[in-house]
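Visitor: Those letters in the sequence shown? Residues 101 to 202, by the numbering used here.
Even for Gly, the Cβ is constructed at its ideal location relative to N, Cα and C.
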Amino acid sequence: MSKWTLVGTNALGFGDQETKEQKARRMRKFDNMIRNTKVKTEEELKKDADKAFRAEQERKDALVAAYDAKKLKSKDAIKEARAIKHKKNNKKADSALEAAMV
Numbered sequence: 101m102s103k104w105t106l107v108g109t110n111a112l113g114f115g116d117q118e119t120k121e122q123k124a125r126r127m128r129k130f131d132n133m134i135r136n137t138k139v140k141t142e143e144e145l146k147k148d149a150d151k152a153f154r155a156e157q158e159r160k161d162a163l164v165a166a167y168d169a170k171k172l173k174s175k176d177a178i179k180e181a182r183a184i185k186h187k188k189n190n191k192k193a194d195s196a197l198e199a200a201m202v
């Protein structure tokens, strides 16, 4: 049979330098933070989502515009701009194909 040894980790409380009072204070602060967190309504969540979506679209449009103007220097930014442009072209082609079918 193999021998088992107990490995002390921070999860088990070994090496913890925090006193009981400090831990209680930290937990109380966390509980108060959770209790006082304002819950957003459905309308607020939708507004936040729309705002985030518009901001991301503006960022992508600016990236593609910079790519078209050949102002990008970073390889990662160039790759991302090419991917965005490729997706837009595919969407346009798909919508044109659907319009032709109708």
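#1: Considering Ala152, what are the terminal residues of the alpha helix (DSSP H) in which it resides?
#2: Determine the contact status of Val164 and Lys185, defining contact as a CB-CB distance below 8 Å.
#3: Looking at Leu172: is its Cβ nearer than 8 Å to the Cβ of Ala183?
#4: Check Asn136 in the structure and name its three-state DSSP category.
#5: Counting only beta-carbon separations shorter than 8 Å, does Lys173 have a partner in chain C?
#6: For Glu198, which of helix, strand or coil comes out of DSSP?
#7: Would DSSP call Glu118 helix, strand or coil?
Guide: According to the data block:
#1: The count along the sequence shown starts at 1 and reaches residue 152 at position 52. 142–168 is the extent of the alpha helix (DSSP H) around Ala152.
#2: Within the sequence shown, the letter at position 64 stands for residue 164. Within the sequence shown, the letter at position 85 stands for residue 185. Yes, the Cβ-Cβ distance between Val164 and Lys185 is below 8 Å.
#3: For this step, residue 172 is matched to residue 72 along the sequence shown. For this step, residue 183 is matched to residue 83 along the sequence shown. No, the pair does not count as a contact, with Cβ atoms beyond the cut-off.
#4: If you number the sequence shown from 1, residue 136 lands on position 36. DSSP places Asn136 in coil when its eight states are reduced to three.
#5: You won't find chain C in this structure, because it holds only one protein chain.
#6: Looking up residue 198 in the sequence shown gives position 98. Helix, per DSSP.
#7: Position 18 of the sequence shown holds residue 118. Correct three-state label for Glu118: coil.
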